[in-house]
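Peer 1: Numbering (this note's numbering), first residue to last: 114 to 362. From the three backbone atoms N, C-alpha and C, an ideal C-beta is built for every residue, glycine too. These numbers were taken from a predicted model, which means no experiment stands behind them.
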Amino acid sequence: MKVEVLCRGFPGKADVGFLGFSNVALITTERERIVFDTGAMGVRLNLLDALEKCSVRPCDVNKVVLSHLHYDHCENAYLFPNAAFFVSEDEWDYAIKGDDLLIPHGIVDFLKGRNLCLVKDGTDIAQGLKVISTPGHTPGGISLVLEIEGGKWVLAGDVVKNRIELATGHVDMTLDPAASEHSIAKIRKLAHRVLPGHDGWLRVDGGRVTVEESPSITVMLPEGMKGGANRYFNLTVEEPIAIGQQDHY
Ligand SMILES: [Zn+2]
């Protein structure tokens with residue numbers, strides 16, 4: 114089994130709205146192509162490019178696992194015509210109520226007409242690939258546990274959005290802080306490596322979290338705007354995890 118990050122998550126927020134860059138991952142097994150989260154519509158072309166670089170056509174993807182149904186994780190579900198979609202029972206019950214403003218109704222309607230598999234804690238998606246229930250950010254959040262290279266790698270979704278949340282257990286933007294804290298403790302206990310919803314890979318070693326990579330984005334203003342070389346703005350996350358933050362966990 115192999116996992117590749119197709120679209121990179123980023124942990125920043127903007128004052129004018131959500132950036133909404135979440136991690137999209139491709140898991141390749143001997144027989145299957147499985148996509149974990151699909152990203153927001155704004156990364157659709159990047160996602161198609163990334164799939165092409167991996168020599169995978171959208172129609173070859175046979176399973177799509179959605180960590181939860183916020184727009185930045187599910188809006189490209191439309192791209193995969195032959196996939197079975199995996200969503201937790203609790204997330205589905207929550208989504209069809211229609212109260213969460215960050216869940217696109219169009220995606221919920223789309224999923225109603227697809228091969229939709231409602232999963233729960235412990236559901237196997239493939240050999241060595243299991244769902245764990247990680248509520249908090251939303252009531253039905255799930256993460257995927259991959260048994261790979263002799264360790265357990267967790268694709269977390271937004272129950273762990275970034276390095277600080279994994280290190281401290283304290284989170285921003287959660288519907289249930291106590292459930293989030295419990296879910297994060299569960300992930301820290303079992304994982305050797307974690308891909309948060311909006312940050313690069315993190316390593317967990319004896320409960321300690323270290324950063325493997327620093328995500329960055331470049332913002333480009335239109336050609337011809339005043340500023341010359343400053344038309345490009347690079348935002349790089351180089352924030353280490355402070356020892357104090359982990360001691361308070
Ligand atoms: Zn998100």
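Kindly indicate the opening and closing residues of the beta strand (DSSP E) around A138.
Peer 2: V137 to T141
Peer 1: Quick one: measure Cβ to Cβ for V156 and F134, integer angstroms, because I've assumed they're closer than 8 Å.
Peer 2: 7 Å
Peer 1: Consider the C-beta atom of S201 and the heavy atoms of ligand 1; say whether any pair is separated by less than 7 Å.
Peer 2: no
Peer 1: Thinking C-alpha only, which one of T331, P248 and H218 is nearest P290?
Peer 2: P248
Peer 1: Report all residues from its chain with a CB closer than 8 Å to the CB of E202; omit the five preceding and five following residues, and keep chain order.
Peer 2: Cβ within range, chain order: L231, V232, K233 and G253.
Peer 1: With a floor of 4 residues, list each alpha helix (DSSP H) that falls wholly inside the stretch 199-268, ordered by position along the chain.
Peer 2: 202-210 and 218-225
Peer 1: To the nearest angstrom, how far is it from the Cα of G320 to the Cα of K302?
Peer 2: Taking the CA atoms as reference points, G320 sits about 7 Å from K302.
Peer 1: For A107 and G313, what's the separation of their Cα atoms in angstroms?
Peer 2: Because the chain here runs from 114 to 362, residue 107 falls outside it and cannot be looked at.
Peer 1: H283: beta carbon under 7 Å from a heavy atom of ligand 1?
Peer 2: no
Peer 1: Is there a Cβ from chain B that is less than 8 Å from the Cβ of D203?
Peer 2: Among the chains of the structure shown, chain B does not appear; only one protein chain is present.
Peer 1: Using only the heavy atoms of ligand 1, determine whether one of them is closer than 7 Å to the beta carbon of S256.
Peer 2: Result no, Cβ not under 7 Å from ligand 1.
Peer 1: For ligand 1, any of its heavy atoms closer than 7 Å to the Cβ of D213?
Peer 2: It does not: the Cβ of D213 is nowhere closer than 7 Å to a heavy atom of ligand 1.
Peer 1: Please state whether DSSP places M79 in a helix, a strand or coil.
Peer 2: Since the first residue shown for the chain is 114 and the last is 362, residue 79 is missing from the structure and cannot be characterised.
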